[in-house]
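The sequence shown maps to residues 1 to 213 in the UniProt record's numbering.
Glycine is no exception: its CB is placed at the ideal position from the N, C-alpha and C atoms.
These numbers were taken from a predicted model, which means no experiment stands behind them.
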Amino acid sequence: MTDTNMQAAAPASGQPLLKPLVLILLAIWGVTVMTAAKNGVFDAVGDRPPFAIVVAALLPPSLFLLAYRMLGGVKAWVGAIDLGLVTAVQGWRVVGAAFVFTWGYGLLPGAFAIPAGYGDILVGLAAPFVALMIWQKSAGWRKAAYGLVIIGFLDFISAFAMGVVLRENGPVYQAGDLHTGLLAEFPLTMIPSFLVPVFMILHIIAILKLRGR
1 MTDTNMQAAA PASGQPLLKP LVLILLAIWG VTVMTAAKNG VFDAVGDRPP FAIVVAALLP
61 PSLFLLAYRM LGGVKAWVGA IDLGLVTAVQ GWRVVGAAFV FTWGYGLLPG AFAIPAGYGD
121 ILVGLAAPFV ALMIWQKSAG WRKAAYGLVI IGFLDFISAF AMGVVLRENG PVYQAGDLHT
181 GLLAEFPLTM IPSFLVPVFM ILHIIAILKL RGR
């Protein structure tokens, strides 16, 4: 195993994943998203895409990368986090099953809910096993870790693309069709607008650690 591999697989040095500041930032972002949703901020206007949801999903990861590059404390925090733990937390992606349940009640189009929901479930179920491979340094653990990140990001990209395409008044929408407008409403909007950026940041942390940065 190379020095880079050993660094990526090294256990945490006592630095918790959820430091008080991290918890405070998560709470602030969660309340902000919830308040915005309840005030219709995420609702699509006319035939325009739901830009507010896209911004809500991409802004936190972008700010995290900026902070990582500019603040030594953030870089030190990332360096001290256990890669296996970061990977295991992706197990919470199973909450994406909410999309499948919502589709089952006839409230979301299957073309969105099925790939998005089952994609999240797949990542969520695989995450603990990949984390175990990392902790045990099993053969192929790096490929498995990278694979989980790739699948995780592809799931997000696919879900957002279908969410935009299948929106009300979107390019394929016809009167009476199911659409993805429910994603702009609380509580379901907490998935794309709050949980997705959190999981994206965790994927980014995993990549940084795998690359030994």
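Contact under 8 Å by Cβ, residue i with residue j
| i | j | result |
| --- | --- | --- |
| Leu183 | Pro109 | no |
| Gln90 | Ala127 | yes |
| Ala88 | Ala139 | no |
| Ala57 | Pro197 | yes |
| Gly96 | Ile191 | yes |
| Leu17 | Leu85 | yes |
| Ala98 | Ala145 | no |
Contact belief for residue i with residue j at Cβ below 8 Å, rounded distance in angstroms
| i | j | result |
| --- | --- | --- |
| Arg93 | Val45 | Actually they are not in contact, since the Cβ atoms of Arg93 and Val45 sit about 30 Å apart, beyond 8 Å. |
| Ile204 | Leu26 | So it is not a contact: roughly 16 Å between Cβ atoms. |
| Thr189 | Ile81 | About 28 Å separates the two Cβ atoms, so there is no contact after all. |
| Thr180 | Phe112 | 5 Å |
| Leu83 | Ile151 | That pair is no contact at about 17 Å. |
| Val164 | Pro49 | 5 Å |
| Phe186 | Lys38 | 5 Å |
| Tyr68 | Val78 | 6 Å |
| Asp47 | Asn169 | 4 Å |
Counted within 10 angstroms of its Cβ, other Cβ atoms place residue i as buried (16 or more) or exposed
| i | result |
| --- | --- |
| Met200 | buried |
| Ser193 | buried |
| Asp120 | buried |
| Ile157 | exposed |
| Phe101 | exposed |
| Phe51 | exposed |
| Lys209 | buried |
| Ala161 | exposed |
| Ala76 | exposed |
| Asp155 | buried |
| Gly117 | buried |
Min CB distance residue i to chain D below 8 Å
| i | result |
| --- | --- |
| Gly147 | Absence of chain D from the displayed structure is noted, only one protein chain being present. |
Discussion item. At 4 residues or longer, what runs of the alpha helix (DSSP H) sit wholly inside the segment 30–82?
Written reply: 51–70, 72–80
Fill in: Length at least 4, wholly inside the segment 87–115: the alpha helix (DSSP H) runs in chain order
97–104
Worksheet item: Hey, which unbroken runs of the alpha helix (DSSP H) at 4 residues or more fall wholly within the segment 129–166?
Response: 141–165
Fill in: Touching by the beta-carbon criterion (3+ pairs, under 8 Å), the segment 139–152 and the segment 28–35
no
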